[in-house]
Each structure stands twice: as structure tokens, then as C-alpha cells.
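Numbering (this note's numbering), first residue to last: 1 to 385.
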């Protein structure tokens, strides 16, 4: 049969089979054009208000709205003790020590028929010489839950300062009819979180950058953040990035912001490893981890420091005059290993995928422990007593 195939090809080339082929031309199959990618719809709020904007010289002012039978109020009280806990304050913020200057405190009050009243501090505002946390504070009302039900309140504010941060939270009724505060991940810069309908189906999504990638493999200026898509159900914010419904949106964004797998990285990327970390993370979200990983392996900067180290000397060993691990015992973690373990830690890849890439976390720990034990034994032998 193999020889017949070669002979048949030769006869066709000589024209022997040409009449028969012409008499029975192959049917043309029309391939349907791919459906166009729709630009996400920007969803307008039912109502919005600016409570405070230090940047644009808007003084703190109370707000009172009533929409769909729900009363929404923001009270502003100057010369108050600074709260140690509030909706838009980071959970890690310690309570102010005694002697701190007083704060101007914004408080949210909600009332809905048939539900308990809600009252909770939003944050202290940065006004004059008073203490505070937020340089802006905005409020918007939405229907974020596709299944319907009462509206939700979206609060957002800017913490001021270099490289920081919009903090935001959703306040709405959960499935039990109780008010619940649902924080959104903080974002760089100043701006109210945008609510989108990605697929034009009445859904409501937030498209945010994953701030966990800042500073890990590059400086802030050269860190690149993977896209994360969230939606809201009563009292819960869900990461829906990898759901098939959002794959066309992710692919379109990937084509726009990242080169094709065979193309070199953008020449203006001075710290390529920060860019490649987001490249692999976005590839993993699209189910293309292997291709993204191969791209990274080809292009990453082998001379750059991953920024991660481990100590080949047991922490129980104290070297006089040295804080932490002595320099001769510090071992750098190669960038691919650091990236694989980081993607595992942040949920972009599974344990099995990490192992398949060549980085078994438990094996790495065992190997480091063996090196540490041997090195520590040699150190004790060289430093008896």
C-alpha cells in the first residue's frame, strides 16, 4: 500500500487522474466566521455620590439617598476618636495608640423594610491635620446579583501616597437577610471599581489586576498583573476567571496585551521576568499553561535575581555579629522554581501541575533540609563548643 500511495501521487502529478478528479470536484465546506468578541458593557450605577475628595478639594459631606425603598445614609462626624476597625480599613491596621489626633469618621447607615438596620464605620478621612486613612470616598448603588433582589452599596476610597491604593467593599443582604460587608481586593491608584457586563447577558463582573504580583519578580514599575474576574452573589465575591464563559474575553485581552507564543517579548520591558510571571499566569487561566511555561523558559532573564533565597544553615545556629542568614550560606532560588511555587501558592496552578513542571514542593523541601543538615554539621565541626 505504501508503494501504491507513491505511485498514485506520481500519476496525479502526470495528469493521469486529472479527468476523474475534475468530474468529481470536492465539495467546498464553508467554515463559519468566528463570532465577534463583544466589548464589555460598562454598567451605570442606580445612584452615586461623592462624600469626600481631598484631591479635588471637596470637603466631607453627609449623603442621604432612598432608592427602591432602601435608605442609604453616610454620616460624617469630625473630632472623633480614630477607629481601630472599619469597613475600608485593612484588617492588619493596628488600633491607633493613645494621643493620636482626632479623626473625621464616615459611617454608613442602611435601612430596608423587613431587615435589621445596619450601621458601621467606613473609614477615617484625611482632613487637614487630623489623622485619617482615606483621601477620597465615593458611594454607588448597583444590582450586582444577577438573580435579582435588593440593591447593593459599593463603597470605594483612595488611601493616598505613592503606589497605592483604591480600597472598596460591597454592602448587601445575604441569603439569610442579614447585612454583610464583602471586601474587594485593593487596587493600584485612585478610581472607583468599574462594574462590567462582559458577555452582554445581564451579569455583573469586576475585572481587576492581581496585586499579589507586585514586587515579587520585578520592581513596582515593571511588575505586570494578571487579570482576575470576580462576580458577586449575596454576601460573597467569587473568582470566576477560569469559567468557560469568560474565555473569549480573556483571549481577546491576551492578544491585545501579550505577544503571540512565537513572538519576542515587548522591547520596552526592561525587567522581563515580571512580565513573564503574568504571561504564565494568564496562560494558565486560559488552559495553556504548558505553552506559556515554554515561552517563559525561552525568554526569561537568567542573570536576574528572583529575589528569593533560602538558608543552607539551620536557623538555630547563631553567628556572632550577623542578623539572619550569613551571606556565605544564602542560596538563591532559580526564577522558574520561584515562579512555579508562587503560582501554586496563589492558586494559578495545582500541585499536580507544579510537579509536572518539574518542581515538587515536598521534594524541594526535603532536598533543602538535607543540604541544611550537612552544612550545619560541617559548621559545628568547624566551630566546636
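Where is the CB? At the ideal position from N, CA and C, for every residue including glycine.
Query: Three or more C-beta pairs below 8 Å linking the stretch 189-197 and the stretch 279-297; Result: no
Query: Residues near residue 116 in its chain [Cβ-Cβ closer than 8 Å; skip 5 each side]; Result: 178, 179
Query: C-alpha gap between residue 119 and residue 72, whole angstroms; Result: 10 Å
Query: Nearest candidate by alpha-carbon position, reference residue 43, set 244, 318, 200, 267; Result: 200
Query: Buried or exposed (CB count within 10 angstroms, at least 16 for buried), residue 261; Result: exposed
Query: Spatially closest choice to residue 301 from 274, 315, 313, by CA coordinates; Result: 274
Query: Length of the line joining the Cα atoms of residue 156 and residue 223; Result: 24 Å
Query: Candidates 299, 235, 253: closest to residue 265 by CA position; Result: 299
Query: Cβ shell of residue 259 (< 8 Å), same chain only, five flanking positions each side left out; Result: 265, 266
Query: Cβ-Cβ separation, residue 226 to residue 278 (assumed contact under 8 Å), whole Å; Result: 5 Å
Query: Assigned exposure category for residue 54 - 16 Cβ within 10 Å defines buried; Result: buried
Query: Straight-line gap, residue 251 to residue 346 (C-alpha atoms, nearest Å); Result: 21 Å
Query: Exposed unless 16 or more other CB atoms sit within 10 angstroms - verdict on residue 143; Result: buried
Query: Rounded C-alpha distance that separates residue 186 from residue 159; Result: 10 Å
Query: Whole-angstrom distance between residue 366 and residue 78, CA atom to CA atom; Result: 57 Å
Query: Residue 309 and residue 330 closer than 8 Å at C-beta; Result: yes
Query: Cutoff 7 Å; reference residue 371; Cβ partners in own chain excluding five residues on either side; Result: 312
Query: Beta carbon of residue 70 nearer than 8 Å to that of residue 61; Result: no
Query: Environment of residue 343 [buried if 16+ CB atoms lie within 10 Å]; Result: buried
Query: Between the CA atoms of residue 314 and residue 382 - distance to the nearest angstrom; Result: 15 Å
Query: Buried versus exposed call for residue 243 [16 or more other C-beta atoms within 10 Å across all chains shown]; Result: exposed
Query: Close Cβ partners of residue 237 (< 6 Å) along its chain, the five nearest in sequence each way excluded; Result: 182, 230
Query: Spatial distance of residue 172 from residue 75 (CA atoms); Result: 18 Å
Query: Nearest-angstrom Cβ-Cβ length linking residue 81 and residue 112, presumed shorter than 8 Å; Result: Not quite, the Cβ-Cβ distance comes to about 29 Å (not below 8 Å), so this is no contact.
Query: Three-state secondary structure assigned by DSSP to residue 260; Result: coil
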